[in-house]
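See below for the structure under consideration.
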Amino acid sequence: MPCNILHTHQTLSHQGTHSRPISEGDQAALVASSFSMNAAPLVLSSPAARNPKSNASMYCPQTWDRLKTQLHDLYIQQQRPLGSVKEIMLWRYRFRPSDRMYKQKFKEWGWAKNGRFSRSATNNYKAPQRGRSGHNYVSHRADIPAWIHFSSTPEQYDKMNLAIHCYIDGHFCASSKRWERRTFDIASSDGTTSRLGAWHGMHEKCNNASILIRWNAPGHAFSQLRKMCEDAATIISHDDPAALVYLWPICVDLAGFRHMMPTLEMDILRLALNYLKCRVGELYGGRHPVFLLLESLCAIPHIEIEEALQVGYETSIRAFETVK
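With the working numbering, letter number 123 in the sequence shown gets 111, and the count goes up by one each step, no holes.
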């Protein structure tokens, strides 16, 4: 996708703060325009904004209904405890309701405490439709962290780094004509720690954007995402293998935005990946490993992008956790 497709002649940066509902057409225009705006992103300074848990009460019945299938799969079909369900929903969708809210909703749906589905609700549930056969990319681990820790030891980093590089090589070598094995040399974490704070800052921008979306402020949310892409393009370099490792969870966050706004007729993940790909290409050229990775991701259907991101992320986390 050419970079100029992200530009628009409309200035809609202030519409995200209106209290009135925003139409689907306006939302789509806001997504495109916000990636091309030069305005500074909104800084979240209120305690509620810095602590998304305080906004759990904002989840409307429609949000719960959209996630009902995923919750049923985790709590009923996989027989997971509530704590495990919470961790996975936080990781996949940045969904943060309290234990009490979960229990109230499960009771309302007729789901018994021990994960048994009551007879009264059996006929109301429709089995989830699989988009395609292949990996089930919802992890069956109960302890998935929401973010790869930045205090990792050199041994943990090196193993995580090797795992994600090998996964990317194996996944894209067969599907991408331009991807080559070991495009990035596997390097030690020495010399990369100075950039970790910047990667963490980009993760925070993703978190801020998700809060702003729940506040019905998409203009400011996508301004945050545009700034995040600019930051990423600036700190990515040829000698930093951490770029592939730490960019991965941010892409997983972007994939979750689609589920937060199911009525939006625009693929936010693909739009962000294309924008970032263009910026990396402008700065470092079309042979940069991150450019090639983003190009490979953008060339496959959305459901396959999500699967690739989530399987790769879990692969890196498992490698991280096996180092004591």
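Don't be surprised by glycine CBs; every beta carbon is placed ideally from N, CA and C.
Bounding residues of the alpha helix (DSSP H) (the contiguous stretch that carries residue 203): For residue 203, no alpha helix (DSSP H) segment is defined, and its DSSP state is neither H nor E.
Buried or exposed (CB count within 10 angstroms, at least 16 for buried), residue 141: Result: exposed.
Enclosing alpha helix (DSSP H) for residue 269 [first to last residue]: Here the alpha helix (DSSP H) through residue 269 covers 256 to 272.
7 angstroms Cβ cutoff met for residue 301 and residue 233: Here residue 301 is not near residue 233, since their CB atoms are 7 angstroms or more apart.
Residue closest to residue 91, alpha-carbon to alpha-carbon, out of 78, 74, 82: The shortest Cα separation from residue 91 among 78, 74, 82 belongs to 74.
Cβ contact (3+ pairs, closer than 8 angstroms) linking the segment 260 to 279 and the segment 208 to 221: Short answer: they touch.
Cβ neighbours of residue 269 in the same chain (closer than 6 angstroms, five flanking residues each side left out): The residues 279, in chain order, have a CB closer than 6 angstroms to that of residue 269 in the same chain once the five nearest residues on each side in sequence are set aside.
Contact belief for residue 160 with residue 284 at Cβ below 8 angstroms, rounded distance in angstroms: Cβ atoms of residue 160 and residue 284 come within 8 angstroms of each other, at about 5 angstroms.
Same chain, Cβ closer than 6 angstroms to residue 293, five either side skipped, listed in chain order: The residues are 285.
Distance between beta carbons of residue 70 and residue 87, contact taken as under 8 angstroms: Contact between residue 87 and residue 70 holds, since their C-beta atoms are separated by about 6 angstroms, short of 8 angstroms.
Cβ neighbour criterion (16 or more within 10 Å) applied to residue 186: Residue 186 should be labelled exposed.
Inter-residue spacing [alpha-carbon to alpha-carbon] between residue 244 and residue 82: The alpha-carbon atoms of residue 244 and residue 82 are separated by roughly 8 angstroms.
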